[in-house]
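Each number in the numbering used here corresponds to the 1-based position in the first sequence with 58 added.
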Amino acid sequence: MAKPPVLTPQSEDFPRWYQDILNKAELADNGPVRGTMVIRPYGYAIWEQMQAQVDARIKAAGASNAYFPLFIPESYLKREAEHVEGFSPELAVVTHAGGKQLEEPVVVRPTSETVIGESMGKWIQSWRDLPLLLNQWANVVRWELRPRVFLRTSEFLWQEGHTAHATEADAAAYARQILHEVYEDFMVNVLALPVVVGCKTPSERFAGATNTMTCEAMMGDGKALQMGTSHELGQNFARAFNINYLDDTGTQQLAWTTSWGVSTRMVGGLIMGHGDDAGLRLPPRLAPVQAVVIAVRDDEAVIARCRELAAELEASGVRTRLDVDTSTSMGRRVTDWELKGVPVRVELGPRDLAAGEVTVTRRDDGSRVAAPLDGVVPVVAEALDRIQADMLERARQTRVARTVPVATVDEAIEAAATGWATLPWDRVGAEGETALGAHAMTVRCLIRADGAVPDSVDEPDLTAVVGRSY
RNA sequence: CGGGGAGUAGCGCAGCUUGGUUAGCGCGCCUGCUUUGGGAGCAGGAGGCCGGGAGUUCGAAUCUCCCCUCCCCGACCA
C-alpha cells in the first residue's frame, strides 16, 4: 500500500516542493503583507546558527559590530547617482509620520552605504583611523515584485559590512579576505555548499560598486543562487560622503570603501541545495539539532536509557533532542525528524536494549549502524563528521556533473537549461549577455581558468559561468 | 509591473456551468479505547461572515463590477 509522498517530489514540481518543505518542516509562513515572511522557530534557529558562525568569522577578520538607523534621509540616497538609480524602484518611502506629512521623506534602508558613509566621514580624520571595519546585523527593505520566501522577500535579515581603507589595494584585499575567509569558508565548510566564487560582470554589479564579487551555489534543480557578495566601492561613496583623511605626509586623501553581505536568502539556499524528497537535509555543523534520541516504544526502561543517552550526547557537545513522545507512532516521528533534516537519529527500542545496542541512522543517505549502548558518543561523532564531508562531496559531484564546458553562447543556452555552462568570457560580450537574457539566463560570475577570482573583469582569458538563477 | 491560474475549516480540495432546506470530503486537531521497530485503527467531537467590498435578486459560495492575496511564466534583486 503505497502512501502518498510527504512532499511533492522535486522531479514533479520543484517550486511546489520548496513550498511544501517550508510548511511541513515548520520553517516559515507568508506574512500578511505581500512579500513579507514569518520565520518560525525552527527556521529562525537555522538562521541563528548562520548568524553565530558568520559573526565569529567577521570578528576574526577584524570588523566590529555597530548599529545604524532604519530610516535614512531620502537626500542621502541621491548623493551617489548610480546607487539611487539602482535602488529607487524598490524603495519603501515614509512620507507621513507623527500625524503629519514629513518635510523630507525618509526611506526605509535598502542597504546602509549612505548612512554609514555619513558617519565614516565624521569619524575618520587621519590615516591612523584607517582601516575602519564595521558590520551590522539588521533588517532591510527592498520592495519585491515577485517574492519567494527566504529567496526574495520585501523585508529580509542580513549582515552588512562596511569598511574604509587608505588605499585601493587595501580595500581590494579586504573585500577578498571577507569573500574567502568569511563567506566561502562558511558556505563550504559549514553549509557544505561548494560555491563558485568569482566576479560579477559590469551589468550585474551592485549599484555604485566598481567591482562586485559573489559566491554562487547550485540548487537541486540546477539553478544558481547568489549566496553572498563582497563589493569594492572605489571612492564613489567616499566622494559622496566626504570620507577623507590626512595621510602621513599631511595631504588630504579620499578613502576607499567596501561593503559585503549575506542574508536570510542563505536559508533558502540551504534548503534547495541539500533537500530531498523526504525533506530538509542539514549539514551537522549548521543543524540546530544534530542528533535526536528516539524512544521506539513506550517502555520505562527504554525511556530511561534514552534520557541517559541524550544527556551523554549533549555533554559531549552534540546538540541533542530527546523524543519520548510515544503516543505518536514511530513511523510518524521518524518522518517528522526527516522533514526537519536532523542529521543523525539514535533509535532505541526493547530489542536494542536487550541486545545492548542502539541504532544510529544517517539522514543524508539513510544508512544505519548498530552501536554499543555504552559507546554511542564516538559513533555519533563519527557519523556527524562523515555526513558533513559526504554532503559537501555529493554536492560538489552534482555541480561538476551538471556544469558543461561549451564554446559558444548558443551552446551555453542549451546546456544551461538543466544546469550551468562555462565558456570563454570573450565569446560572450554585451550582445551575448542580451542573448542569454532572452532565455532567462545570466553570467553568474567570471573566474580564471584555474577557478580563482580575477583581479578585474578586464583580465584576459576569463571563463564565464552561465546559468538560470533565483 | 505584463501574461496565465487560483482563493470555500489549520492544510489539500469538491460544490459554482443551470442561484433555492442545515455548505460537504480527505488530512490535521480534541476526547476515549486499542496501538507503537518507517506517515496506526475504531468511535465520538470541535472547528466556516465560502478572500474583502459594492451590486443584481424574494433569495448569492454560485451571477456582475472593483479591490486584496497566493502560485506559475517573463522584466529587477541579497
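Beta carbons: idealized from backbone N, C-alpha and C, even for Gly.
All figures in this text were calculated on a predicted structure; none of them were measured in a lab.
Looking at the unbroken beta strand (DSSP E) that takes in residue i, where does it start and where does it end?
i, result
"residue 87", "86-88"
"residue 190", "190-199"
"residue 426", "426-430"
"residue 510", "Note, residue 510: premise wrong, no beta strand (DSSP E); not H, not E."
"residue 296", "Run containing residue 296: none in the beta strand (DSSP E); it sits in the alpha helix (DSSP H), 294-298."
"residue 239", "That residue, residue 239, is in no beta strand (DSSP E); it is neither H nor E in DSSP."
"residue 152", "150-155"
"residue 367", "Careful: residue 367 lies outside any beta strand (DSSP E), inside the alpha helix (DSSP H) at 358-373."
"residue 254", "254-257"
"residue 283", "282-290"
"residue 274", "269-276"
"residue 251", "Premise fails: residue 251 is in no beta strand (DSSP E) and is neither H nor E."
Would you grab the beta carbon distance between residue i and residue j for me? Rounded to a whole angstrom, and I think it's under 8 Å.
i, j, result
"residue 491", "residue 259", "7 Å"
"residue 419", "residue 426", "4 Å"
"residue 449", "residue 339", "7 Å"
"residue 471", "residue 404", "Wrong, their Cβ atoms sit about 49 Å apart, outside the cutoff."
"residue 222", "residue 249", "Not confirmed; about 30 Å, so no contact."
"residue 461", "residue 480", "6 Å"
"residue 438", "residue 376", "6 Å"
"residue 171", "residue 266", "7 Å"
"residue 132", "residue 164", "6 Å"
"residue 483", "residue 521", "6 Å"
"residue 239", "residue 119", "6 Å"
"residue 299", "residue 148", "Not quite, the Cβ-Cβ distance comes to about 22 Å (not below 8 Å), so this is no contact."
Just reading off the alpha helix (DSSP H) that residue i is part of, what are its end residues?
i, result
"residue 332", "323-332"
"residue 77", "72-82"
"residue 490", "487-495"
"residue 68", "Element bounds for residue 68: n/a, residue is neither H nor E."
"residue 230", "226-235"
"residue 310", "That residue, residue 310, is in no alpha helix (DSSP H); its beta strand (DSSP E) goes 310-312."
"residue 456", "434-459"
"residue 105", "99-118"
"residue 168", "Per DSSP, residue 168 belongs to no alpha helix (DSSP H) and is neither H nor E."
"residue 395", "388-397"
"residue 247", "243-247"
"residue 408", "408-413"
"residue 610", "The chain is shown only over 59 to 528; residue 610 falls outside these bounds and no answer can be derived."
"residue 130", "It is not in any alpha helix (DSSP H) - residue 130 instead sits in the beta strand (DSSP E) that spans 129-131."
Mark residue i as exposed unless 16 or more other C-beta atoms lie within 10 angstroms of its C-beta, in which case mark it buried.
i, result
"residue 261", "exposed"
"residue 395", "buried"
"residue 309", "exposed"
"residue 60", "Note that residue 60 scores 44 on pLDDT, short of 50, meaning its location in the model is unreliable; the coordinates nonetheless yield the value given after this. Under this definition residue 60 is an exposed residue."
"residue 455", "exposed"
"residue 281", "buried"
"residue 197", "exposed"
"residue 90", "exposed"
"residue 349", "buried"
"residue 203", "exposed"
"residue 399", "buried"
"residue 207", "buried"
"residue 4", "Past the boundaries of the shown model lies residue 4; the chain is included only from 59 to 528, so the question cannot be answered."
"residue 307", "exposed"
"residue 562", "Examination of residue 562 is not possible in this model, given that the chain is present from 59 through 528 alone."
"residue 125", "exposed"
"residue 137", "buried"
"residue 20", "This structure does not reach residue 20, given that the chain is present from 59 up to 528, and the question cannot be answered."
"residue 436", "exposed"
Using CA coordinates, which residue listed in the options is at the minimum distance from residue i?
i, options, result
"residue 263", "291, 250, 277", "291"
"residue 154", "129, 141, 201", "129"
"residue 69", "118, 239, 109, 334", "334"
"residue 285", "245, 164, 206", "245"
"residue 523", "444, 401, 273", "273"
"residue 50", "344, 271, 240, 329", "For the chain, the structure presents residues 59 to 528; residue 50 sits outside this window and is missing."
"residue 85", "322, 402, 488, 217", "322"
"residue 422", "342, 436, 434", "342"
"residue 161", "151, 256, 457", "151"
"residue 301", "337, 327, 397, 183", "183"
Taking DSSP's pairing of strands, which residues face residue i in a bridge?
i, result
"residue 136", "Partner(s): none; residue 136 has no beta bridge."
"residue 420", "402"
"residue 381", "352"
"residue 505", "521"
"residue 214", "198"
"residue 463", "480"
"residue 219", "193, 318"
"residue 95", "88"
"residue 206", "210"
"residue 158", "155"
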